[in-house]
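Engineer:
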Amino acid sequence: MAEAAEILKQEYKQMRKADTGRGQTAYRFTVRQLESLIRLSEAMARLHCDDKIRPTYVKEVCRLLKASNINIVKDDIELIDN
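Going by the working numbering, the first residue of the sequence shown is number 9, and it counts up by one from there.
(1) Is it the case that the Cβ atoms of residue 66 and residue 44 are separated by a distance below 8 Å?
(2) Consult DSSP for residue 62 and reduce its assignment to one of helix, strand or coil.
(3) Pull up the distance between the alpha-carbon of residue 22 and that of residue 88, whole angstroms please.
(4) How about residue 11 and residue 63: are their beta carbons less than 8 Å apart?
(5) Is residue 89 helix, strand or coil by DSSP?
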């Protein structure tokens, strides 16, 4: 469990660091996302009928969260008066 907690901590720190590099003022990765990672890791353990949260569960949950957060960047729409 200690190893899984360490991986969770490192992954969360890495996600926060990567998110701040975009020059945004708002963070997408907040404490709420950390809580979600914990709950999803617990759910992954239950899914595998396991009473321990394994590092592989934490890594998979982090991968899924990263994949679900996409950044959509589009140009502004200009309206033309007729």
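From the three backbone atoms N, C-alpha and C, an ideal C-beta is built for every residue, glycine too.
Just so you know, these numbers come straight off a predicted model, no measurement behind them.
Structural biologist: So, from the listed chains and residues:
(1) Residue numbering aside, residue 66 sits at position 58 when the sequence shown is read from its first letter. Residue numbering aside, residue 44 sits at position 36 when the sequence shown is read from its first letter. No, these two residues do not count as a Cβ contact at 8 Å.
(2) As a first step, residue 62 is located in the sequence shown; it is residue number 54 there, counting from the start. Correct three-state label for residue 62: coil.
(3) Taking the sequence shown and counting its residues from 1, the one referred to as residue 22 is at position 14. Taking the sequence shown and counting its residues from 1, the one referred to as residue 88 is at position 80. The straight-line gap from Cα to Cα measures roughly 43 Å.
(4) Indexing the sequence shown from 1 puts residue 11 at position 3. Indexing the sequence shown from 1 puts residue 63 at position 55. Yes, they are a contact pair.
(5) Counting from 1 along the sequence shown, the entry for residue 89 is found at position 81. It is coil, neither helix nor strand.
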